[in-house]
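A.B. asks: Chains as they are written, first to last, in this note's numbering: chain D, -11 to 196; chain S, -11 to 196. A virtual CB, placed ideally from N, CA and C, is assigned to each residue, including glycine. Let me give you the structure first, and then I'll get to my questions.
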DNA sequence: CCCGTAAACTGAACTGAACTCAGTTGTGGG
DNA sequence: CCCACAACTGAGTTCAGTTCAGTTTACGGG
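This is the structure:
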């Protein structure tokens, strides 16, 4: 498969791209993508609505960019966590921990990703949106495949119970990311709590 | 808490409400809620766009109704599956199985529910929409509480390992429903496969 | 059988948020 | 100083969702 790698556009010193992304993340995360008025994002950044189109082709293009960036980060974290770990069980534990090693700034971004995954299923008419969508989709697949491989390796080595590695990986991922639906930084359940419990769940799911 | 029970409106013999719901489910499930044009639903039912407003106050009201109906069904299935089962482990197994005991017609509806859960988080300005939203939210909580209670009971009786029952319930539910994101009726993985694997995962997650 | 009534429906107009267009501003490199 | 191009703007346009002001259709009671 040809990997359409998206490189972030060069940003001049006056560029408001980062600020737009930050404001969009804040609003999409708080009120949801649909309920967020694009013009409010412009207001918060301190520019006119039309200036947004200097940086993003559309509101959807901005959303897709946010999602792709978060997927890139997630994949990177997984690779870092599991790379060069011969023991599958230890790799799995590290992988789960890495999924919850996020700054407070990343939490709404994970929520946006989780809440808008459906948008990745349907093709977009605009070029740039479609490029972002395909890049995001490929990242999703790479993440799923990476987890599948990890589980398969553990099964092959006899460290994990033998089951359909791919479906099991999807189940695990579903559980791990479902947390972002309800988790709130200043809630009664801490990320450390979640991480510990979920790590244990995942270990139990593969125990031979 | 005051339970705002929503009773389905009386339907005359000429009512197209069911047909509208069916068409909306088909389209929302296939292309997503946003990508679906409300007028296309009207076309498929064979009425003018404005006639839709005889049955639903808005497109969002229709979506919320679809979601509430599916949540009602899910809760009912859970209760039926676990009711009068003294053994927590057997109740848990039945609960998971019940979650995948769905007709092919229900699959897109589960997907819609899963893909649009975020809409339940933000208040709506319209009366009827808000009523449906609150009803749906309460159903979500009731389902979560029912699972939590089941797990807590198992822990209290020593049948399950002792952990935070609520977080564990959310993890389980997250895993169970995440399937509707990717499952397709004529795909290579059958619902029976999923059900069996997930049941096993859940049992492992609570094993003492 | 006709009439009153309410459900079911319609075409035309309206709304508002996303987006386009045709330009203007302003800053850093030559 | 001035040019190039990033950064930006106000005034429109578009279009899906919605409202309005009625018209049609079925049905039960007189």
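So, residue 198 of chain S versus residue 163 of chain S, is the Cβ gap smaller than 8 Å?
C.D. replies: Because chain S here runs from -11 to 196, residue 198 of chain S falls outside it and cannot be looked at.
A.B. asks: When we look at the beta-carbon of residue 97 of chain D and count the other beta-carbons within 10 Å, is it buried (16 or more) or exposed?
C.D. replies: By the neighbour-count rule (16 or more Cβ atoms within 10 Å), residue 97 of chain D is buried.
A.B. asks: What residue from D:2, D:116, D:122 and D:46 has the CA that sits closest to residue 60 of chain D's CA?
C.D. replies: Here the closest residue by C-alpha is D:122.
A.B. asks: Output, in chain order, the set of chain S residues within a Cβ distance shorter than 8 Å of residue 15 of chain D.
C.D. replies: Result: empty, since nearest Cβ-Cβ is about 11 Å, beyond 8 Å.
A.B. asks: Can you find a CB in chain S that lies within less than 8 Å of the CB of residue 189 of chain D?
C.D. replies: By this cut-off, residue 189 of chain D is an interface position.
A.B. asks: Give me the chain S residues within the contact set of residue 170 of chain D, using Cβ-Cβ distance strictly less than 7 Å, ordered along the chain.
C.D. replies: Here the neighbours are 158.
A.B. asks: So which residues of chain D does residue 155 of chain S contact, with C-beta pairs closer than 8 Å?
C.D. replies: Simply 177, 181, 182 and 185.
A.B. asks: With DSSP collapsed to three states, give me the class of residue 90 of chain D.
C.D. replies: Of the three classes helix, strand and coil, the one that applies to residue 90 of chain D here is coil, per DSSP.
A.B. asks: Rounded to the nearest angstrom, what separates residue 40 of chain S and residue 15 of chain S at their Cα positions?
C.D. replies: Residue 40 of chain S and residue 15 of chain S: Cα-Cα distance of roughly 15 Å.
A.B. asks: With distances taken Cα to Cα, identify the nearest neighbour of residue 4 of chain D among D:74, D:78 and D:35.
C.D. replies: Among D:74, D:78 and D:35, the Cα nearest to that of residue 4 of chain D belongs to D:35.
A.B. asks: Does any CB atom of chain S fall closer than 8 Å to the CB of residue 105 of chain D?
C.D. replies: So, interface residue.
A.B. asks: Taking Cβ-Cβ distances below 7 Å as the criterion, which residues of the region 6 to 32 of chain S are in contact with chain D?
C.D. replies: Correct list: 19, 20, 22 and 23.
A.B. asks: Assuming residue 104 of chain D contacts residue 21 of chain D under a Cβ cut-off of 8 Å, what Cβ separation, rounded to an integer in Å, is found between them?
C.D. replies: Sure, about 6 Å apart at Cβ, within 8 Å.
A.B. asks: Can you tell me which of the three DSSP states residue 173 of chain D falls into?
C.D. replies: Residue 173 of chain D falls in the coil class under three-state DSSP.
A.B. asks: Using three-state DSSP, classify residue 35 of chain D as helix, strand or coil.
C.D. replies: Here residue 35 of chain D sits in coil by DSSP.
A.B. asks: Please check the pair residue 45 of chain S and residue 117 of chain S, which I expect to be a contact at CB under 8 Å, by giving their CB distance rounded to whole angstroms.
C.D. replies: The pair is a contact, with the Cβ atoms about 6 Å apart (cut-off 8 Å).
A.B. asks: Please report the distance separating the alpha-carbon of residue 52 of chain D from that of residue 74 of chain S.
C.D. replies: About 48 Å.
A.B. asks: Would you say residue 79 of chain S reaches chain D, if we count a Cβ-Cβ gap shorter than 8 Å as a contact?
C.D. replies: No, residue 79 of chain S lies away from the interface with chain D (no Cβ there is under 8 Å from its Cβ).
A.B. asks: Note down, in chain order, each residue of its chain lying with its Cβ closer than 6 Å to the Cβ of residue 48 of chain S, except the 5 sequence neighbours on either side.
C.D. replies: Same-chain partners within the cutoff: 117.
A.B. asks: Can a CB atom of chain D be found closer than 8 Å to the CB of residue 90 of chain S?
C.D. replies: No, because no Cβ of chain D sits closer than 8 Å to the Cβ of residue 90 of chain S.
A.B. asks: Give the residues of chain D in contact with residue 166 of chain S, contact being defined as C-beta atoms less than 9 Å apart.
C.D. replies: Per Cβ cutoff of 9 Å: 158, 159, 161, 162, 163, 165 and 166.
A.B. asks: Leaving out five residues before and five after residue 50 of chain D in sequence, what residues of the same chain have Cβ atoms less than 6 Å from its Cβ?
C.D. replies: Hits under 6 Å: 12 and 44.
A.B. asks: Look at residue 187 of chain D and residue 157 of chain D and say whether their C-beta atoms are less than 8 Å apart.
C.D. replies: Result no, Cβ atoms of residue 187 of chain D and residue 157 of chain D do not sit closer than 8 Å.
A.B. asks: Assuming residue 101 of chain D contacts residue 65 of chain D under a Cβ cut-off of 8 Å, what Cβ separation, rounded to an integer in Å, is found between them?
C.D. replies: Not really, about 13 Å apart at Cβ, beyond 8 Å.
A.B. asks: Should residue 146 of chain S be labelled buried (16 or more other beta-carbon atoms within 10 Å of its own) or exposed?
C.D. replies: Per the 10 Å Cβ criterion, exposed.
A.B. asks: Taking 8 Å as the cut-off, does the region 173 to 188 of chain D touch the region 76 to 95 of chain D (at least 3 CB pairs, one atom from each stretch)?
C.D. replies: In short, these stretches touch, since the Cβ pair count reaches three.
A.B. asks: Once you ignore the five residues that flank residue 79 of chain D on each side, which residues in its own chain have a CB closer than 7 Å to its CB?
C.D. replies: Counting only Cβ-Cβ distances below 7 Å, and skipping sequence neighbours, we find 70, 73 and 138.
A.B. asks: Shorter than 8 Å from the beta carbon of residue 128 of chain D to some beta carbon of chain S?
C.D. replies: Cβ-Cβ to chain S under 8 Å: no for residue 128 of chain D.
A.B. asks: Apply the 10 Å Cβ neighbour rule to residue 2 of chain D and answer buried if 16 or more other Cβ atoms are within range, or exposed otherwise.
C.D. replies: The residue in question, residue 2 of chain D, is exposed, as its Cβ has fewer than 16 Cβ neighbours within 10 Å.
A.B. asks: For a contact meaning CB atoms closer than 8 Å, what does residue 110 of chain S contact in chain D?
C.D. replies: 19, 20 and 23, listed in chain order.
A.B. asks: Can you pull the chain S neighbours of residue 75 of chain D, defined as C-beta to C-beta under 9 Å?
C.D. replies: Neighbours of residue 75 of chain D on chain S: none; closest Cβ ~20 Å, over 9 Å.
A.B. asks: Whose Cβ in chain D lies nearer than 8 Å to the Cβ of residue 193 of chain S?
C.D. replies: 189, 192 and 193, listed in chain order.
A.B. asks: Report all residues from its chain with a CB closer than 6 Å to the CB of residue 120 of chain S; omit the five preceding and five following residues, and keep chain order.
C.D. replies: Only 52, 53 and 56 meet the Cβ criterion.
A.B. asks: If you draw a straight line from the C-alpha of residue 77 of chain D to the C-alpha of residue 195 of chain D, how long is it?
C.D. replies: Whole-angstrom Cα-Cα distance: 9 Å.
A.B. asks: Give every residue of the same chain whose Cβ lies closer than 8 Å to the Cβ of residue 193 of chain D, excluding the five residues on either side of it in the sequence, and list them in chain order.
C.D. replies: Result list for residue 193 of chain D: 156, 159 and 160, in chain order.
A.B. asks: Would you mind sorting residue 37 of chain S into buried or exposed? The rule is 16 or more other CB atoms within 10 Å of its CB.
C.D. replies: Exposed is the call here.
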